[in-house]
Amino acid sequence: MIETERLILRAWQQEDIIPFSEINNDKEVMEYMPKCLSYEETVQFYNRIICEHNKSGYGLYAAEAKNDGKFIGYVGFHYFDFEAVFSPGIEIGWRLARKYWHQGYATEAAKACIDYARKRRLFNEVYSFTAVCNHRSEHVMQKIGMERQGLFSHPSLPEKHKLNLHVLYKYNLLQND
């Protein structure tokens with residue numbers, strides 16, 4: 002568990018699935034993802050998150066607002082191994098319910114995750130990437146001190162797909178100690 006001033010980043014619970022599915026099916030939240038996720042796809046994603054956390058000891062944490070105990074989304078780490086010069090690696094990412102946007106929650110939680118990883122020496126560097134048109138997410142990357150590395154074509158998307166071109170950021174946990 003990771004605590005911030007306003008959030009608890011915790012293990013996932015069964016009751017998170019319904020609000021998680023609502024987030025994953027929100028067209029605005031998923032605007033820079035290939036598609037919205039159905040309830041069944043959300044359950045599969047939830048199960049992958051649990052498995053990854055059990056395997057590595059870290060992962061995407063369920064984010065809970067301290068003031069009301071509500072699940073607001075996730076923030077945390079994910080192992081990736083798609084075809085790219087910077088792969089395999091660890092990604093830091095976030096997905097929050099729209100109601101919680103523009104309040105600094107993603108930045109607050111991502112900074113806490115990086116601090117957690119640094120103190121426990123989980124890995125030496127962490128990446129973050131998003132479609133070049135996702136300026137909100139890129140802004141969070143900048144606010145948490147990540148350095149822009151450049152652009153790449155995401156291998157999971159067709160070359161002509163509107164979300165194919167991604168911006169890549171990196172945070173070196175050893176240098177930024």
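Sequential numbering from 2 applies to the sequence shown in this note's numbering.
Think of the CB as a built atom: it goes at the ideal place given N, C-alpha and C, for glycine as much as any other residue.
When you compare each of Y170, H103 and A132 to M147 by their alpha carbons, which one comes out closest?
For M147, the closest alpha carbon among the candidates Y170, H103 and A132 is that of Y170.
When the Cα of Y59 is compared with those of I24, C114, S88 and K100, which residue comes out closest?
Comparing Cα positions, the closest option is C114.
Based on DSSP bridge pairs, tell me the residues matched to R96.
Paired residues: Y75.
Given this structure, state the Cα-to-Cα distance separating K28 from F124, to the nearest angstrom.
Near 33 Å, if we compare the C-alpha coordinates of F124 and K28.
If contact is defined by three or more beta carbon pairs under 8 Å, each pair taking one atom from either stretch, is the region 72–85 in contact with the region 33–48?
Too few Cβ pairs lie closer than 8 Å, so no.
Have a look at E126 and I91 and give me their C-alpha separation to the nearest angstrom.
A straight line joining the alpha-carbon of E126 with that of I91 spans about 7 Å.
Which residues in the same chain as V44 place their Cβ atom closer than 7 Å to its Cβ, once the five residues preceding and following it in sequence are excluded?
Cβ neighbours of V44 beyond the five flanking positions: I18.
How far does the alpha helix (DSSP H) with V141 in it extend, from its first residue to its last?
Segment H136 to K144, the alpha helix (DSSP H) holding V141.
Based on Cα-Cα distance, which residue from K56, L175, Y101 and F21 lies nearest to K120?
Nearest to K120 by alpha-carbon distance, out of K56, L175, Y101 and F21, is L175.
For the beta strand (DSSP E) containing K171, name the first residue and the last one.
From DSSP, the beta strand (DSSP E) with K171 extends over L166 to N173.
Looking at A111 and V141, is the spacing between their C-beta atoms short of 9 Å?
Going by C-beta atoms, V141 is nearer than 9 Å to A111.
Starting from T43, follow the beta strand (DSSP E) in both directions and report where the run begins and ends.
Premise fails: T43 lies in the alpha helix (DSSP H), Y40 to S57, not in any beta strand (DSSP E).
By Cβ distance, which residues of its chain are closer than 8 Å to T108, with the 5 residues on each side in sequence left out?
Answer for T108: V141, K144 and I145, listed in chain order.
Can you name, in chain order, every residue of its own chain whose Cβ lies under 6 Å from the Cβ of P20, other than the five neighbours on each side?
Correct list, in chain order: F72.
Extent of the continuous alpha helix (DSSP H) to which T108 belongs
Y106 to K120 is the span of the alpha helix (DSSP H), which, as asked, contains T108.
Using the C-alpha atoms, what's the distance from K161 back to E53?
The alpha-carbon atoms of E53 and K161 are separated by roughly 31 Å.
If the criterion is Cβ atoms closer than 9 Å, does the pair A66 and L10 meet it?
Between A66 and L10, the CB-CB gap reaches or exceeds 9 Å.
Compare the C-alpha of C134 against each of H167, R149 and Y80 and name the closest.
Looking from the CA of C134, the closest CA among H167, R149 and Y80 belongs to H167.
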